[in-house]
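Heads up, the thing below is written out as structure tokens.
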Amino acid sequence: MEADKRIRHANDKTWDVIWFIALNTFSAKPVTSSDVYLGTGLPKRTVIRILEKLENLNVIKKIPGPDDARVRMINFGPQFAAEIDRHLQECITEGI
């Protein structure tokens, strides 16, 4: 539960990264760290630090690319993905 508190109090840059991943989760092309820093406009080093923090908190997981082992595809971890889904369902139910 400590991870939940850290995420709730994350700074805007961290939420920009989470939002970018969420928006692109269902795209035809898996999200990579390069996509995140190019898509958010944040400095590459900042994105790398944020992704490391999110991975340590089990918010995201990195999976090796099928064609290039150097590439890491980024997905939400199962618990965080379920929390996002639950929240979105609540918003839909409440008409938000």
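For the sequence shown, this note's numbering assigns the number -18 to the initial residue and increments by one for each residue that follows. Note that the Cβ used here is the ideal one computed from N, Cα and C, for glycine as well. Small disclaimer: the values here were computed from a predicted structure and weren't measured.
Check: Around the C-beta of I2, are 16 or more other C-beta atoms found within 10 angstroms, so that it is buried, or is it exposed?
Finding: If you number the sequence shown from 1, residue 2 lands on position 21. Label assigned to I2: buried.
Next item on the list: Could you tell me which of K25, D66 and I65 sits nearest to K(-6), measuring between CA atoms?
Entry: Residue mapping note: residue -6 aligns to position 13 of the sequence shown, counting from 1. Distance from the Cα of K(-6) is smallest, within the candidate group K25, D66 and I65, for K25.
Margin query: Taking 7 Å as the limit between beta carbons, can you name the residues of its chain near T27, skipping five residues before and five after?
Written below: Against the sequence shown, residue 27 aligns to sequence position 46. Same-chain partners within the cutoff: K(-6).
Notebook entry, point to check: Do you know offhand how far M(-18)'s Cα is from M54's?
Noted result: Residue -18 sits at position 1 when you count from the first residue of the sequence shown. Residue 54 sits at position 73 when you count from the first residue of the sequence shown. A caution first: M(-18) carries a pLDDT of 46, below 50, which makes its placement in the model unreliable, though a value can still be read off. Taking the CA atoms as reference points, M(-18) sits about 26 Å from M54.
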